[in-house]
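Per the working numbering, the very first residue in the sequence shown carries number 1068; after that it's consecutive. Note that the Cβ used here is the ideal one computed from N, Cα and C, for glycine as well. Treat the numbers as computed from the prediction; the structure is a model and nothing was measured.
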Amino acid sequence: MNLLFCDTADNALADTQLHNTVKMAYLDPPYNTGRKFNQYSDSSPLKDWLAMLERTLSGVRDTLTEDGSVFVHLDDQYIHRVRCIMDDVFGDRNYVGTMIWEKKNRGSFLHAHLADVTDHVLVYAKDKSKMAPLVHSSTEVGKRIPVHNKGNKPSVLEFPAGCMTFNFPDQTIPAGPMNTPTITSDLLDDLVVENGTNKNAFRMTGPFRYGQDAVNKMAETPGAFICPRQMLRPSFVSQESKGKVLTNLQSFRINGSPTNEDARAESEAIFGTEMGAAFDTPKPEALLERLIAAATEPGDTVLDCFAGSGTTLAVAQKTGRNWIGVELSPTTIAGYITPRIDGILAGTDPLPLTGYTTSTEPYTVDYRTAAAAA
């Protein structure tokens, strides 16, 4: 069951039924910038703001499973203070890293000194020794990966008989140079190509991507390697989907990470122009999808205790995860979060995610305090 609490984060997370249930927590708290936004005032005495975060993070830690993790999204003004708090709450040994998100395509000329174009995400584990790698994108099955890799140290590889298929007629290729303008390589043994595969084992020299142990393991699958031309440049054909570890830089320039501009366009698509502009700093769904997919599996539970317009909860629903949300404002819940989730459940969401099975799990709104319910 997905749960949405109308309450303060520390009150909601004190519920012992939530303890040890959350695989990933994502927090996008008010940054205490001193500005007044459309949906909330982001101004409180620093000591009160830090105390609130410490209480919240302590509650988050209790909700995490032993292999769970927490992502805290901040600007750079007080990140150093928050990291000190998280070192105290989670232990500095459980610090995983700091992600940098390039949130803007360009800086504003209104900045007095430095144009601010990045946010930061502090990542901690409840127990880093039990936390799985943050893996997101995968190598596709059937992808061809060249065995030669320019710049690697030259070595000798032996390719076992029957491990390679060839896209040219059967023949015997004599040992000799197999050089190109960019790569020096030699065939050390005559190679007999028969019925489209290598009848014999053969050796090559060159700057290789893989070592002999890796080649032997790959070669256990017949036809694991393919060679399209007589100037032998074999490639490994990926037999399974293999994940890539998430990098600590999320940039539209490097890995296509979305920006604040994308998030605002998404908000307007979901809520309309006027309501969509009410949240000044929404986060794009694709960014949350990347984090959630890296830190969890379908069926795991995701927590957001500053739920806002419901982006984290929506992405969790669309990627087949369970979720727990906390939002203090009943107006925000009624105007943004519940209509957004209802649209996903009804199949009318304008921003469907591909590659996932959307969860059909319903949700419950729990008004924990009379003040919140009023």
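In the three-state reduction of the DSSP assignment, Gly1402 falls in the helix class, which pools H, G and I. Annotated three-state conformation of Val1214 is coil, per DSSP.
A contact between stretches requires three or more CB pairs, one per stretch, nearer than 8 Å, and the segment 1398–1408 fails this requirement with the segment 1116–1133. Residue pairing by DSSP puts Thr1431 in a beta bridge opposite Leu1070. In the three-state scheme derived from DSSP, where H, G and I count as helix and E and B as strand, Gly1126 is classed as helix.
If the five residues before and after Gly1290 are omitted, its C-beta is found closer than 6 Å to the C-beta atoms of Thr1232, all from its own chain and listed in chain order. The DSSP-derived three-state label of Val1163 is strand.
The segment 1355–1369 makes contact with the segment 1079–1095: 3 or more CB pairs, one atom from each, lie closer than 8 Å.
Annotation: Ser1302 to Lys1220 spans about 18 Å, alpha carbon to alpha carbon.
In this model, Asn1216 and Gly1278 are separated by some 12 Å (Cα to Cα).
Under the DSSP assignment, Asp1371 falls in the beta strand (DSSP E) whose first and last residues are 1368–1371. The C-beta distance from Lys1385 to Thr1425 rounds to 5 Å, short enough to fall under 8 Å. Counting along the chain, the unbroken alpha helix (DSSP H) around Lys1385 starts and ends at 1378–1385. Under DSSP, Glu1364 shares a beta bridge with no residue. Taken in chain order, the complete alpha helix (DSSP H) segments of 4 residues or longer contained in the segment 1246–1299 are 1279–1285.
The three-state secondary structure of Ile1240, taken from DSSP, is strand. Boundaries of the beta strand (DSSP E) harbouring Val1188: 1185–1192, taken from the DSSP string. Rounded to whole angstroms, Glu1169 and Leu1224 show a C-alpha spacing of 42 Å. The residue from Thr1185, Tyr1145, Arg1296 with its alpha-carbon nearest to that of Asn1246 is Arg1296.
Ser1222 sits exposed, since fewer than 16 C-beta atoms from the chains shown fall within 10 Å of its C-beta. In the three-state scheme derived from DSSP, where H, G and I count as helix and E and B as strand, Pro1112 is classed as coil. Val1202 is positioned such that its CB atom lies closer than 8 Å to that of Gly1310. Residue environment for Glu1133: exposed (fewer than 16 other C-beta atoms within 10 angstroms of its C-beta). Per DSSP, reduced to three states, the secondary structure at Glu1335 is helical. In the structure shown, the three-state DSSP call for Thr1340 is helix. Straight-line measurement puts the Cα of Gly1243 at about 57 Å from the Cα of Lys1193.
The beta carbon of Asn1283 sits closer than 8 Å to the beta carbons of Pro1227 from its chain, once the five residues preceding and following it are set aside; these are given in chain order. Of Ser1376, Pro1274, Thr1264, Leu1313, the smallest CA-CA separation from Ala1286 is found for Thr1264. In the DSSP secondary-structure assignment, Thr1232 is bridged to Thr1264, Ile1293. In the DSSP assignment, Asn1389 falls within the unbroken beta strand (DSSP E) covering 1389–1393. In the DSSP annotation of this structure, the continuous segment of the alpha helix (DSSP H) that includes Leu1080 starts and ends at 1076–1080. With contacts defined as CB atoms closer than 8 Å, Asn1172 and Thr1326 qualify as a contacting pair. The Cβ-Cβ distance between Thr1239 and Asp1253 does not fall below 8 Å.
A direct Cα-to-Cα measurement between Ser1125 and Ala1336 gives close to 36 Å. Asp1134: member of the beta strand (DSSP E) spanning 1131–1141, first to last residue. Judged by beta-carbon spacing, Lys1195 lies beyond the 8 Å limit of Arg1150, meaning their Cβ atoms are not closer than that value.
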